[in-house]
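Reviewing the structure listed below.
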Amino acid sequence: MADKMATREAYGKVLQELGAEYPNLVVLDADLSGSTKTGEFKKVFPERFFNFGIAEQNMYGAATGLALSGKIVCASTFAMFASGRAFEIIRNSIGYTHANVKVCATHAGITVGEDGASHQTFEDLALMRTIPGMTVVNPSDGASAKELLRQVVAMEGPCYVRLGRAAVPFFYDEESAKEIKLGKGNTLREGKDVTIIATGIMVSEAMKAAEELAIEGIDCRVIDMHTIKPLDEDIIIKAAKETGAILTCEEHSIIGGLGSAVAEVTATNCPCQLYMVGQRDTFGESGSPEALKAKYGMTASDIYKGVHVLMKK
Amino acid sequence: MDYKQFEELASKVRVDIIKSVFEAGSGHPGGSLSCADIMTALYFKEMNIDPENPLMEDRDRLVLSKGHACPAQYAALAERGYFPKEELKTLRKLGSRLQGHAKMGLVPGIEMSTGSLGQGFSVSVGMALANKLDNKEGRVYAILGDGELQEGIVWEAAMSASHYHLDNLCAVVDWNGLQIDGKNDDVMTVRPIEDKFRAFGFNVISINGHDFAEIFDAFDQARACKGQPTVIVASTHKGHGVSFMEDQAGWHGKAPNEEQAKQAVEELGGEW
Ligand SMILES: Cc1ncc(C[n+]2csc(CCOP(=O)(O)OP(=O)(O)O)c2C)c(N)n1
Ligand SMILES: [Mg+2]
């Protein structure tokens, strides 16, 4: 196995498997099938693949109609155009009818890189989690993406799955990925001093930071919060009580995303010190993914610094 | 009229498209090359603009609705003197004024931040409406991709443009036949395009988008047309001017390597 894979790659691969298992699975795209990897499904099941052209709103409307007629629908485009352009259709057609549509959106966050701000989505988790009944998933690596996508297709109802452009390191393998459960945070590292709750590609940054901090004697718990909704409140409350402080990290705006979701839980159940790592209410820009992560404060070193801030409080 | 000078300018623009996308290591050469002649015609003759005074009252404005083709716009603006050509090398790099999809307010001459397809055309409708409201002379030009026409907002914009009789608005469709996933006709056909725009109340002019005589003639006709907006359907070739990129969907969003870039510049009569 290669040591890195983009979560969108995993999506393309698992779609081929799922297509064979579910004869009623159909896949839609909006002129980005090479980038989103739905083209992998098209190669094997061309009769169940539909390109809607550059017309995202219509694609999600049609996805609803297909779902209301008994199909399981995975409909893909970039996160900006899925969660953004088609938001109200996803809300009123898919959400309100609780249609079985899986909005599988790729190229989320700052790691879109050189395409720049118009394509860097920091709002999707916030938008999607406000829709009643919507399951919101943000896998952290290739192996967990495959497993979570399997569970998403197996469940009934609308889901938003956030996938990335850039290759990210694996820390699950096929075996350990089987332990992942939709709706349950996954503790990757036990610790008693502070809890780092990470989602998506920030999980690997969190693990790096935790190792650094361990050298200094700071014992971090790390949780992979791959499901933003329904959110695993128990694991958050337990972490707040046992470690007293929580750092959240996400490749997303700190307004409305994982950080806000965790704050909603702690504020009403077990107030504790919080520190949020993420995009800080600003647009992105063009640059390499790594340089942008550093500039906009979404690296292991930002997590490391954040933990030190929490420890001083 | 002698069109040779425009052809030479367009070749320079094309050379800079190749060089800047090569330097960036990513970007969209295909759709930049296909609209390079239209872009050259607009910036070097058709539009009433002043690089020394980019915010001049009553200036004409261009909105590149197919925002991914900004390397063509940057190259034309630099050639026209809006900013130093040297800066083209910074395309898509961290801290550059030349964003991967153009951002308004960074370099002079960019009238609107685009990148999300369809929206630029809608914005150009608002600009044209404002010019009417303020009795301003300025005309508004919007360049759209043929794949972009699949977006619903394009037709909402078209409807409003003719409803408000925006004869100061001229859309140009870069009809290169290709989008990302292949031919428009295979992905989601937008034909019959002339009839569609006509049904939406437009004055429709079809031309060869690589022929300056036809391009200038179309702009003249657009200016002469009163009471309705104009769309110029410009037949083009994606990747025009570079043999191995021509009519290839694969060159939509891919940078050439050094060897390819050198060959492309050579074919365009430029210097590496
Ligand atoms: C709303 C939106 N959806 C999808 C994209 C991704 N995208 C960028 S370019 C492109 C294809 C454009 O094709 P066309 O309009 O024909 O442009 P051209 O051939 O002139 O390059 C797509 C789908 C986008 N930028 N905006
Ligand atoms: Mg095209």
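Going down the list, the protein sequences come from chains A and B. Just so you know, we're using the working numbering here: the first sequence kicks off at 1 and counts up by one. Just so you know, we're using the working numbering here: the second sequence kicks off at 1001 and counts up by one. All C-beta atoms, glycine included, are put in the ideal place defined by N, C-alpha and C.
| Asked | Found |
| --- | --- |
| Buried versus exposed, by CB contacts within 10 Å (16 or more), H1163 (chain B) | exposed |
| Among A:N58, A:A294, A:L274, nearest to K312 (chain A) - alpha-carbon criterion | A:L274 |
| Any non-hydrogen atom of ligand 1 within 6 Å of Q1248 (chain B) CB | no |
| Range of the contiguous beta strand (DSSP E) that encloses S1206 (chain B) | 1203-1208 |
| Own chain residues within Cβ distance below 8 Å of N100 (chain A), not counting five before or after | A67, K71, I72, V73, E156, G157, P158 |
| Status (buried if at least 16 other CB within 10 Å, exposed otherwise) for P46 (chain A) | exposed |
| Bounding residues of the beta strand (DSSP E) (the contiguous stretch that carries R162 (chain A)) | 159-162 |
| When B:S1206, B:G1269, B:A1161 are compared against F1200 (chain B), the one with the closest alpha-carbon | B:A1161 |
| Pair within 7 Å by beta-carbon distance, A117 (chain A) and A143 (chain A) | no |
| E1156 (chain B) beta carbon near ligand 1 (any heavy atom closer than 6 Å) | no |
| Rounded distance between the beta-carbons of S1235 (chain B) and E1267 (chain B), thought under 8 Å | No, E1267 (chain B) and S1235 (chain B) are not in contact; Cβ-Cβ is about 21 Å, not under 8 Å. |
| Buried or exposed (CB count within 10 angstroms, at least 16 for buried), R1191 (chain B) | exposed |
| N1176 (chain B): CB within 6 Å of a non-hydrogen atom of ligand 2 | yes |
| Neighbourhood of K146 (chain A) by C-beta, 6 Å cutoff - its chain only, sequence neighbours within 5 removed | A10, V14 |
| Stretch-stretch touch, CB-based, cutoff 8 Å, three pairs: the region 1048-1060 of chain B with the region 1174-1182 of chain B | no |
| Partner residues on chain B for H314 (chain A), Cβ-Cβ distance less than 9 Å | This structure gives no information on residue 314 (chain A), because the portion of chain A shown stretches from 1 to 313. |
| Helix, strand or coil at N1048 (chain B) [DSSP, three-state] | coil |
| Closer than 6 Å: S1147 (chain B) CB and nearest ligand 2 heavy atom | The sequence as given places Gly at residue 1147 (chain B); Ser does not occur at that position. G1147 (chain B) Cβ: within cutoff of ligand 2. |
| Uninterrupted alpha helix (DSSP H) stretches inside the region 1043-1099 of chain B (no shorter than 4 residues) | 1070-1079 |
| Assigned secondary structure, I218 (chain A) (DSSP; H/G/I helix, E/B strand, else coil) | coil |
| Inter-stretch contact (C-beta, 8 Å, three-pair minimum) for the region 1206-1214 of chain B and the region 84-93 of chain A | no |
| Check whether Q1221 (chain B) and D1167 (chain B) have beta carbons under 7 Å apart | no |
| CB of M276 (chain A) within 7 Å of CB of G259 (chain A), strictly | yes |
| H1283 (chain B) beta carbon near ligand 1 (any heavy atom closer than 6 Å) | The structure shown does not extend to residue 1283 (chain B), since chain B is modelled only from 1001 to 1272, so the question has no answer here. |
| Identity of the residue in A:G306, A:R165, A:E264, A:L213 nearest T130 (chain A) by Cα | A:E264 |
| Cα-Cα separation, A6 (chain A) to A1072 (chain B) | 31 Å |
| Validate contact between the region 291-306 of chain A and the region 1002-1015 of chain B using beta carbons, cut 8 Å, 3 pairs | no |
| Residue from B:W1251, B:I1018, B:Y1003 with nearest C-alpha to G1270 (chain B) | B:I1018 |
| For D1174 (chain B): DSSP bridge partner residues | B:G1145, B:A1234 |
| Distance cut-off 6 Å: K1066 (chain B) Cβ against heavy atoms of ligand 1 | yes |
| Stretch pair the region 24-38 of chain A + the region 48-58 of chain A: three plus CB contacts closer than 8 Å | yes |
| Within 7 Å, strictly: CB atoms of L148 (chain A) and V137 (chain A) | yes |
| Option nearest V262 (chain A) by Cα separation, candidates A:A214, A:R280, A:D281, A:A198 | A:A198 |
| Delimiting residues of the beta strand (DSSP E) encompassing M276 (chain A) | 273-279 |
| CB contact below 7 Å: S204 (chain A) versus chain B | no |
| Within chain A, partners of K1089 (chain B) - CB distance below 8 Å | Within chain A, no residue comes near K1089 (chain B); the closest Cβ sits about 14 Å away, beyond 8 Å. |
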